[in-house]
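Residue numbers (the numbering used here): 42 to 213. Even glycine gets a Cβ: it sits at the ideal position worked out from N, Cα and C. Every value quoted in this text rests on a predicted model; they were computed, and no experiment measured them. A short worksheet on the structure shown next.
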């Protein structure tokens with residue numbers, strides 16, 4: 042907002058000439074100009090105070106935001122560490138389960154082999170008329186182990202994704 046003063050379009054010489062003819066009028070007009078400038082200066086000071094107050098408020102908000110960001114960053118770091126620990130635990134448990142399954146499948150293979158051997162001997166001895174089939178026990182065991190390994194890997198990846206999604210939701 043531009044203020045208009047009586048003296049705006051006048052030079053010092055013009056004001057001096059006017060003062061020689063009608064000094065009271067010039068003094069009055071210059072006094073009015075001075076009052077107008079004082080009023081504008083007071084408004085400018087108020088605006089400055091308001092802007093400075095808003096600036097300080099923004100600085101406070103920025104400080105609080107930085108503190109929150111720091112806290113959230115620390116929380117995220119601890120959550121990432123926890124996810125790494127859980128993934129490590131998942132891998133350990135996966136290896137343990139694979140080992141136990143391998144042992145169980147090995148025993149199962151031995152039992153199947155023994156049953157098939159007994160059934161085949163019974164057939165050869167003439168105790169049964171139905172010939173037992175002879176499946177490839179090793180191939181079935183390998184297929185079962187492979188299927189189990191795939192399922193364990195899927196479960197571990199799914200659990201990791203679930204944990205990461207929960208952490209992201211907590212961060213929001």
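The beta carbon of residue 68 lies closer than 8 Å to those of 60 in the same chain, with the five residues before and after it left out. In the structure shown, residue 98 falls within a helical segment according to DSSP collapsed to helix, strand and coil. Residue 117 is a Cβ neighbour of residue 212, given a cutoff of 8 Å. Distance from the CA atom of residue 56 to the CA atom of residue 80, rounded to whole angstroms, is 23 Å. For residue 53, the enclosing alpha helix (DSSP H) has its first and last residue at 53 to 62. Residue 87 carries a helical assignment under DSSP once its states are collapsed to helix, strand and coil. Annotation for residue 71: 48 place their beta carbon closer than 7 Å to its own, counting only its chain and skipping 5 residues before and after. Close CB contacts of residue 124 within its chain, under the 6 Å cut and outside five residues either way in sequence, are with 204 (chain order).
The DSSP-derived three-state label of residue 213 is coil. Assigned with DSSP and collapsed to three states, residue 48 falls in coil, not helix or strand. In the three-state DSSP reduction, residue 157 falls in the helix class (H, G or I). Setting aside the 5 residues that flank it on each side, residue 64 has no residue in the same chain whose C-beta is closer than 6 Å to its C-beta.
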